[in-house]
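J.: Quick one: the structure is below, and I'll ask about it shortly.
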Amino acid sequence: MDDCLSYSYHMDDEIARFIRRVNPPKVVIDNDVYNNVTVIKVDSANKHGILLEVVQVLTDLNLTIKKAYISSDGGWFMDVFNVTNQDGNKVTDEIVLDYIRKSLGPDESSCFSPRSTIGVKQSVDFTFIELTGTDRPGLLSELTAVLTDLQCNVVNAEIWTHRAKAAAVLQVTDEETCSAVTDPERLSKIRKLLGYVLTGGSRSRRCREPKTTVSSSLNADRKLHQLMFADRDYDEWENNVDDEDKIGRVVPDVDVSNLHDLDYSIVMIKCKDRPKLLFDTVFTLTDMKYVVSHASIDAEGPEAYQEYYIRHTDGSPVKSEAERQRVIKCLKAAIQRRVFEGLMLELCTSDRVGLLSDVTRIFRENSLTVTRAEVKTKGGKALNTFYVRDASGYEVDAKTIDSIRQVIGQKILQVKGGNTEVKPSSQESQTGFLFGVFKSRSFVNFGLIRS
């Protein structure tokens with residue numbers, strides 16, 4: 005049976021390569037037709053997931069998709085995207101344009117490789133840790149304290165929270181070797197202790213055991229969507245609408261209806277525009293095994309309008325009212341997971357083991373909860389973004405933020421968003437805990453950490 009399966013996959017690869025050679029993808033980039041946007045046209049043989057791969061390439065380059073027209077009904081895929089850079093101007097950087105041509109074009113190493121998956125490339129550079137559980141104030145602080153005490157350094161991380169759920173993808177290294185943690189016993193200990201923190205020490209709480217993967221690459225956005233989806237964050241829960249309004253998440257307008265004479269289902273989405281919105285909706289439809297046959301995207305104003313004509317991979321439209329409601333719920337959840345309109349804090353300083361643990365502990369001790377975080381390390385520098393709110397659900401107090409900045413460092417921790425107006429302190433601290441009271445490590449003792 006295994007030989008037959010292997011042969012079948014091999015034949016699929018050969019057929020895909022043959023089609024690719026006969027009809028190679030064509031990418032045309034036009035900077036002359038409009039004054040304010042770059043037009044990118046992609047023609048290619050059609051296959052499931054191709055739209056997602058194109059959108060991901062553009063999204064990973066931090067390009068803003070203002071308009072898009074998509075047609076992939078039948079054996080051919082044709083897309084037109086009007087895009088701008090982060091500054092709202094045309095894309096003129098030749099390095100970026102060349103990358104788009106190579107990534108979306110006929111190059112065999114492009115993202116359209118027939119066996120391209122969400123999987124990972126094996127390496128010993130990093131250890132990826134996937135976490136899902138029930139959100140609560142101080143959870144990130146507790147998790148990072150455990151990792152620090154286990155001599156692990158969080159190099160990069162993405163953390164999302166939505167509807168009382170939390171999901172994270174952490175990229176960690178061994179403190180001593182600066183490479184992946186590969187010892188099975190140590191990995192088992194990491195899973196055990198992180199699992200203990202996620203459940204709050206109670207076995208009765210529903211929580212998946214953390215997953216550790218030794219790898220060098222992983223698409224965090226895709227994985228976080230999948231983790232949240234698997235944890236059913238799209239389900240309704242008590243006081244959902246009130247809680248969404250309290251934290252600033254606006255419920256998007258999503259509708260699904262059937263075109264009985266054409267065997268399509270139409271998905272209509274209207275919501276406030278934001279970066280990566282198109283990726284989030286396209287990924288959700290693709291991951292739910294729907295094929296986008298046609299689509300029209302308009303995000304030139306403050307609101308985005310998306311219209312998708314979809315079918316199942318077997319060619320059928322949405323079949324029942326229950327399925328229609330499920331599609332609506334899942335798309336709404338996918339749109340809201342990344343959104344937070346509260347206070348954004350940016351931390352930039354020299355990286356060190358335990359840095360994330362110390363910072364999040366300070367947040368926790370000042371009654372702030374982290375609702376989303378992006379942790380990056382580059383060239384020995386930590387570039388971290390935290391989205392925070394008061395643990396009690398009230399507006400973040402300006403005095404609290406100012407006192408936190410005095411401890412961490414006024415120039416190290418900057419306020420970048422939200423309604424909280426923070427006035428600079430008369431004493432501008434640039435060193436904060438780096439050379440002060442937090443120079444020596446201080447950890448939360450969970451009782452099970454030390455052997």
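All you need for the working numbering is the position in the sequence shown, starting with 1, plus 4. The beta-carbon is built from N, C-alpha and C at its ideal position, and this holds for glycine as well. Everything numeric in this text was worked out from a predicted model, so none of it was measured.
Just to check my reading of the structure: THR63 and VAL87 have Cβ atoms closer than 8 Å, yes? What is that Cβ distance to the nearest angstrom?
T.: With 8 Å as the limit, THR63 and VAL87 do not qualify as a contact, their Cβ atoms being about 10 Å apart.
J.: Out of ALA303, GLN414 and CYS334, point me to the one whose CA is closest to LYS293's CA.
T.: Per the Cα distances, CYS334.
J.: Which residues in the same chain have their Cβ closer than 8 Å to the Cβ of GLU180, if we skip the five residues on either side of it in sequence?
T.: Contacts found: GLN155.
J.: So the candidates are PHE287, ASP239, ASP302 and HIS229; which of them puts its Cα closest to the Cα of PHE85?
T.: The residue with the shortest Cα to Cα distance from PHE85 is ASP302.
J.: When we look at the beta-carbon of PRO188 and count the other beta-carbons within 10 Å, is it buried (16 or more) or exposed?
T.: PRO188 should be labelled exposed.
J.: According to DSSP, which residues form a beta bridge with ALA224?
T.: Note: ALA224 sits in no beta bridge, so no partner.
J.: Leaving out five residues before and five after VAL286 in sequence, what residues of the same chain have Cβ atoms less than 8 Å from its Cβ?
T.: Closer than 8 Å at Cβ, skipping near neighbours: LEU55, LEU56, VAL59 and VAL296.
J.: With DSSP as the reference, label ILE163 as helix, strand or coil.
T.: Reduced to three states, the DSSP call for ILE163 is strand.
J.: Candidates ASP36, THR136 and ASP355: which alpha carbon is nearest GLU213's?
T.: When only C-alpha atoms are compared, the closest one is THR136.
J.: Please list, in chain order, all residues of the same chain as ARG140 whose beta carbon is under 6 Å from its beta carbon, the five residues on each side excluded.
T.: No residues qualify anywhere along the chain.
J.: How is the alpha helix (DSSP H) around GLU213 delimited, first residue to last?
T.: Element bounds for GLU213: n/a, residue is neither H nor E.
J.: May I ask you to report which of helix, strand or coil DSSP gives LEU174?
T.: Note: LEU174 maps to strand in three-state DSSP.
J.: Which residues mark the beginning and the end of the alpha helix (DSSP H) in which GLY137 is found?
T.: Looking at the DSSP string, GLY137 is not in any alpha helix (DSSP H); the run it does join, the beta strand (DSSP E), is 130–138.
J.: Pick helix, strand or coil for PHE116, following the three-state DSSP scheme.
T.: With a pLDDT of 40 at PHE116, under the threshold of 50, the modelled position of this residue cannot be trusted; read the value that follows with caution. If DSSP states are grouped into helix, strand and coil, PHE116 belongs with coil.
J.: Taking VAL31 as the reference, give the member of SER107, GLN90 and GLU98 with the closest Cα.
T.: Measuring from the Cα of VAL31, the nearest candidate turns out to be SER107.
J.: Under DSSP, the beta strand (DSSP E) around LYS196 begins and ends at which residues?
T.: Here LYS196 belongs to no beta strand (DSSP E); instead the alpha helix (DSSP H) covers 188–202.
J.: Taking the alpha helix (DSSP H) that THR290 belongs to, which residues open and close that run?
T.: That run of the alpha helix (DSSP H) goes 281–291.
J.: So LYS276 and GLU307 are in contact, right, with Cβ under 8 Å, and what is the actual spacing, rounded?
T.: About 6 Å separates the two Cβ atoms, so the contact holds.
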